[in-house]
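Engineer:
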Amino acid sequence: MENKQTPLGYVSFSVFAWIVGLLIFFPIFWMVLTSFKSELEAISIPPSFISFDWTLENYVEVQERSNYFKFAMNSVILAVGSTLVGLVFAVTCAWAMAFNPTKRTKDALLWMLSTKMMPPVGVLVPIYLLFRDWGLLDTRFGLIMVLFLMNLPIMVWMLYTYFKEIPTDILEAARMDGATLPKEIIFVLLPMAVPGIASTMLLNIILAWNEAFWTLNLTTSDAAPLTAFIASYSSPEGLFWAKLSAASTLAVAPILVIGWFSQKQLVRGLTFGAVK
Amino acid sequence: MSTRASTLTGRIMSAPSIIVLFLWMAVPLGMTIYFSFLRYNLLSPGMEEWIGTLNYEFFLTDPAFFASLANTLLLVGSVLIITVVGGILLGLMLDQPIFGRGILRLLVIAPFFIMPTVNALVWKNLLMDPVSGMFAWIASLFGLPAIDWFTNAPLTSIIIMVSWQWLPFAVLILLTALQSLDRDQKEAAQMDGAGPVSIFFYITLPHLSRAITVVVLIETIFLLTVFAEIFVTTGGGPGLATTNIAFLVYTQALLQFDVGGASAGGIVAVVLANIVAIFLIRLIGKNLDN
Chain U
888 MENKQTPLGY VSFSVFAWIV GLLIFFPIFW MVLTSFKSEL EAISIPPSFI
938 SFDWTLENYV EVQERSNYFK FAMNSVILAV GSTLVGLVFA VTCAWAMAFN
988 PTKRTKDALL WMLSTKMMPP VGVLVPIYLL FRDWGLLDTR FGLIMVLFLM
1038 NLPIMVWMLY TYFKEIPTDI LEAARMDGAT LPKEIIFVLL PMAVPGIAST
1088 MLLNIILAWN EAFWTLNLTT SDAAPLTAFI ASYSSPEGLF WAKLSAASTL
1138 AVAPILVIGW FSQKQLVRGL TFGAVK
Chain A
3 MSTRASTLTG RIMSAPSIIV LFLWMAVPLG MTIYFSFLRY NLLSPGMEEW
53 IGTLNYEFFL TDPAFFASLA NTLLLVGSVL IITVVGGILL GLMLDQPIFG
103 RGILRLLVIA PFFIMPTVNA LVWKNLLMDP VSGMFAWIAS LFGLPAIDWF
153 TNAPLTSIII MVSWQWLPFA VLILLTALQS LDRDQKEAAQ MDGAGPVSIF
203 FYITLPHLSR AITVVVLIET IFLLTVFAEI FVTTGGGPGL ATTNIAFLVY
253 TQALLQFDVG GASAGGIVAV VLANIVAIFL IRLIGKNLDN
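Which chain is which? The protein sequence lines are U and A, in order. If you count the first sequence from 1, you need to add 887 to reach my numbering. If you count the second sequence from 1, you need to add 2 to reach my numbering.
1) Would you say M958(U) lies against chain A (beta-carbon separation less than 9 Å)?
2) Name the chain A residues whose beta carbon is nearer than 7 Å to that of Q1150(U)?
3) Express the C-alpha separation of N954(U) and I1092(U) in angstroms, rounding to a whole number.
4) Classify E231(A) as helix, strand or coil using the three-state DSSP reduction.
5) List, in chain order, every chain U residue whose beta-carbon is nearer than 8 Å to that of T85(A).
6) Quick check on Y58(A) - is its C-beta less than 9 Å from some C-beta in chain U?
7) Do you know how far the Cα of R103(A) is from the Cα of N127(A)?
8) Spatial neighbours of L285(A) within its chain, please: CB distance less than 6 Å, with the 5 preceding and 5 following residues excluded, ordered by chain position.
9) Cβ closer than 7 Å: which chain U residues qualify as neighbours of M193(A)?
10) Please identify the residue among N987(U), V907(U) and T1106(U) whose C-alpha is closest to the C-alpha of L1023(U).
11) In chain A, what lies closer than 8 Å to S1132(U) by C-beta?
12) Taking only three categories from DSSP, how would you classify M15(A)?
13) Helix, strand or coil: how does DSSP classify E189(A) here?
14) Would you say L1000(U) faces chain A, with C-beta separation under 9 Å as the test?
15) F114(A) to A1134(U), Cα distance in whole Å?
16) Measuring straight from C-alpha to C-alpha, what distance separates F39(A) and N154(A)?
17) Run the CB neighbour count on Q167(A), radius 10 Å, all protein chains shown included, and call it buried at 16 or more, exposed below.
18) Using a Cβ cut-off of 9 Å (strictly closer), state whether V883(U) contacts chain A.
19) Please decide whether Y1049(U) counts as near chain A, where near means a Cβ-Cβ distance under 9 Å.
20) Quick check for students: name the residue ranges of the alpha helix (DSSP H) that lie wholly in the stretch 42 to 123 of chain A, counting only runs of 4 or more.
21) Could you have a look at D260(A) and say whether DSSP puts it in helix, strand or coil?
22) Can a CB atom of chain U be found closer than 9 Å to the CB of I149(A)?
23) Who are the neighbours of S46(A) on chain U, taking C-beta pairs under 8 Å?
24) Identify, in the order they occur along the chain, each residue of the same chain with its Cβ nearer than 6 Å to the Cβ of P156(A), setting aside the five sequence neighbours on each side.
25) Can you name the residues of chain A whose CB is closer than 7 Å to the CB of A1138(U)?
26) Rounded to a whole number of angstroms, what is the C-alpha to C-alpha distance between I277(A) and V124(A)?
27) Checking contacts by CB at 9 Å: is R107(A) closer than that to chain U?
28) Can at least three beta-carbon pairs, one atom from the stretch 215 to 222 of chain A and one from the stretch 37 to 53 of chain A, be found at a separation below 8 Å?
29) What are the residues that DSSP puts in a beta bridge with L40(A)?
30) If you draw a straight line from the alpha carbon of S962(U) to that of M1037(U), how long is it in whole angstroms?
31) Name, going along the chain, the residues of the stretch 919 to 942 of chain U whose beta-carbon falls closer than 7 Å to a beta-carbon of chain A.
32) The stretch 20 to 35 of chain A: which residues have C-beta closer than 7 Å to a C-beta of chain U, in chain order?
33) How about A230(A) and A1099(U): are their beta carbons less than 9 Å apart?
34) Have a look at N890(U) and P99(A) and give me their C-alpha separation to the nearest angstrom.
35) Going by other Cβ atoms of all chains shown within 10 Å of its Cβ, with 16 needed for buried, is D1056(U) buried or exposed?
36) Roughly how many angstroms lie between the CA atoms of P65(A) and F152(A), to the nearest whole one?
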């Protein structure tokens, strides 16, 4: 299939590929474009592509009328909070599994993976009731715990595959030189593990940010993140497309950027190291 | 390396994660199983009683169960076919020399990062609306009548939205696998006069088989529990047309407050997911040995 050697072949294949790519990207492009239109122009037929009055009023209105900022803060707190809590647990666990493996390590890893296979509806009822009884419904703390636990297997797995790649000779050398365990972790292991930890954090932030089962079912207003905020547009009043687009653009923009930066590491994290 | 002391440290350090995960999964699951044998409705508190397998009998003989099971299978199956076939084609495309390939790849994988509620509402309104949507306008250019997607083809609409979201996942993984394909092997086959089609079927596809399996298994696990897209667009309707198992359990639990029935449904969903999970875990376990 290396038959695109001629310049003409290269150009025409590039054109073809770009058309396909732009078609796939089109819904996002259209959403961003619509967010700069007035509500009337947003529903006009034929649709206007460039020749409309570009406006920022939707962005202003989304903030003023529905307090977008509160939901965005919740999203940030939930995503970052669950990632940081997860990191504390996952780094120690993955470190132990990678460098002090036991006979059971493999079983433990696979068992962790299997918890990820559990469909959330299987535990929706008890979690909902426990949250209700413990007063955790619609609290950030409760959701951080849920998101942290939901993604913990992925974090452990991803860190494990990264830690496995760190040469153990170096650790042994450090031990010979009398490095204690905390020193070994802080001065030897962590610097080498930073790229892996960073991409694990990014993947976890993406997953937590976009999580839309627990966030929709366990929140009403106080702890509701952007997923729930956008969902409130499913039963709107009056014209709302431009405002929906503005709110959506703001909701996906940060994660799109993070996602683009971590696309390669994503494969490893989402396939539990099965595809690298 | 694994002295007794280091083994002990290893156990102590991995214990917290294992314990919290165990509590998170085993305790609620145990409760779900227990509830599934009770008559338990939130509207009549204090009336809980043991009714054996009655909830399962009701759930499994409910026409809604068969409708939602059929919807679930249709949704999972269609999205799998679309994303795997599309993923292979797009993967092959992006593996070629293309002007601005890096940027093009970013565009293609972008849908994966869009949160499900945004995905659903943008498609439902901006694109699929029968009056002002983009598709209606495109149809009118060709003199065709607009399709009222969510009235006439609700499940198809959901399938399209979910496929759009998961296509990039398949592309990313299959592209990664394609890039590890041995170029020499392909060149040798070309020297021997193999055409692009036979190279694809005899070299590329076998090489991709593992990655395809991974895509199928992981997507299945997520697709079995599609929820937000249905929640914000159709609410499971019209009728039961877009209700999948996950959504059915949700309506029983949080809309009808039937804890017992919903728990039985939840356990059925767990069993279904586990059938897939067993294969995936075996596959990944094998990989761990290498």
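C-beta: ideal position from N, C-alpha, C; glycine also.
Structural biologist: According to the structure shown:
1) The question names Met, yet the displayed sequence has Phe at residue 958(U). Chain A contact via Cβ: absent.
2) I111 and L174
3) 23 Å
4) helix
5) Near T85(A) there are no residues of chain U at all, since even the closest Cβ is about 12 Å away, more than 8 Å.
6) no
7) 31 Å
8) none
9) Near M193(A) there are no residues of chain U at all, since even the closest Cβ is about 12 Å away, more than 7 Å.
10) T1106(U)
11) V124 and L128
12) helix
13) helix
14) yes
15) 18 Å
16) 39 Å
17) buried
18) The structure shown does not extend to residue 883(U), since chain U is modelled only from 888 to 1163, so the question has no answer here.
19) no
20) 56 to 63, 65 to 96, 103 to 111 and 118 to 123
21) strand
22) no
23) In chain order: nothing, as chain U lies at least about 15 Å away.
24) T236, A243 and T244
25) M117 and V120
26) 34 Å
27) yes
28) no
29) W52(A)
30) 16 Å
31) T921, I930, I932, P933 and P934
32) I20, V22, L23, W26, M27, P30, L31, M33 and T34
33) yes
34) With a pLDDT of 49 at N890(U), under the threshold of 50, the modelled position of that residue is not reliable, and the figure given next carries that caveat. One C-alpha to the other measures close to 10 Å.
35) exposed
36) 22 Å
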